[in-house]
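Student: Dropping the structure in here first, questions after.
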Amino acid sequence: MGSSQGDEIKAHIETLVARQLERSPIYALTLSAVRIESATRGRVVARTVLSRGHLNSSGGLHGSVSATLVDWAGGMAVATWDLRDKTGVSVDIHVRYLSSAREGDEIEIDAVADKVGGALGFTSVTISKVVDGRAGPVVASGTHTKYVKIR
Numbered sequence: 001m002g003s004s005q006g007d008e009i010k011a012h013i014e015t016l017v018a019r020q021l022e023r024s025p026i027y028a029l030t031l032s033a034v035r036i037e038s039a040t041r042g043r044v045v046a047r048t049v050l051s052r053g054h055l056n057s058s059g060g061l062h063g064s065v066s067a068t069l070v071d072w073a074g075g076m077a078v079a080t081w082d083l084r085d086k087t088g089v090s091v092d093i094h095v096r097y098l099s100s101a102r103e104g105d106e107i108e109i110d111a112v113a114d115k116v117g118g119a120l121g122f123t124s125v126t127i128s129k130v131v132d133g134r135a136g137p138v139v140a141s142g143t144h145t146k147y148v149k150i151r
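Under UniProt numbering, think of the first position of the sequence shown as 1, with each following residue one higher.
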């Protein structure tokens, strides 16, 4: 894939994210500081720094935030498939909580569209703590199935 196509996909995803932040209170709360690091066909990588609003009562990344990130990132991976504006509706989300991250930690969200068909899209998402500028320990991972048929 050429650089210009990658730039076009990244710009498309950044536009979708901006629109979502305006229209969705949960995304505005969860994703206000998210940065799209890269976007290519079938894959989006984003990063954000965790704030107090992302945490549970024990000071770790809240499970609902991880689930929201799997939901959001899976949709963004679907959007990269063919530059669609609508990413479908969730059919199934499964999240595994593997370790923790705390306030001030930077996390990386790596989402892959494993398959986007005529009716369903299947995605995999990994949320990792960033250590020394690179994705480190996996905090959570998930799969997300979306109904993507365009009517």
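Just so it is clear, CB atoms sit at the ideal spot from N, CA and C, and this is done for glycine as well.
Remember, predicted model here, so these are calculated numbers, not experimental data.
If you draw a straight line from the alpha carbon of A39 to that of G6, how long is it in whole angstroms?
Tutor: Their Cα atoms are separated by approximately 6 Å.
Student: Only counting the same chain, and skipping five residues up and downstream in sequence, which positions put a Cβ closer than 7 Å to that of Y147?
Tutor: If we look at Y147 and ignore the five residues flanking it on each side, its Cβ neighbours are G88, V89, V91, A119 and L120.
Student: Hey, G42 and T15 are a contact pair by Cβ (cut 8 Å); roughly how many whole angstroms apart?
Tutor: Actually they do not touch by this definition, with Cβ atoms about 18 Å apart.
Student: Check whether the Cβ atoms of A101 and L69 sit closer than 7 Å, and answer yes or no.
Tutor: The answer is no: Cβ separation not under 7 Å.
Student: Quick check: the Cα distance between A77 and S57, rounded to an integer number of angstroms?
Tutor: Approximately 31 Å, taken between the alpha carbons.
Student: Would you call A46 buried or exposed, if buried means 16 or more other Cβ atoms sit within 10 Å of its Cβ?
Tutor: Classification for A46: buried.
Student: Taking only three categories from DSSP, how would you classify E103?
Tutor: Coil, per DSSP.
Student: Using CA atoms only, rank isn't needed, just tell me which of T143, G136 and I107 is closest to S124.
Tutor: Comparing Cα positions, the closest option is T143.
Student: Could you work out which residue in E8, H12, Q20 and D71 is closest to T145 when comparing CA atoms only?
Tutor: Residue D71 is the option with its Cα nearest to T145.
Student: Do you know how far the Cα of F122 is from the Cα of S4?
Tutor: Going by the C-alpha atoms only, they are around 26 Å apart.
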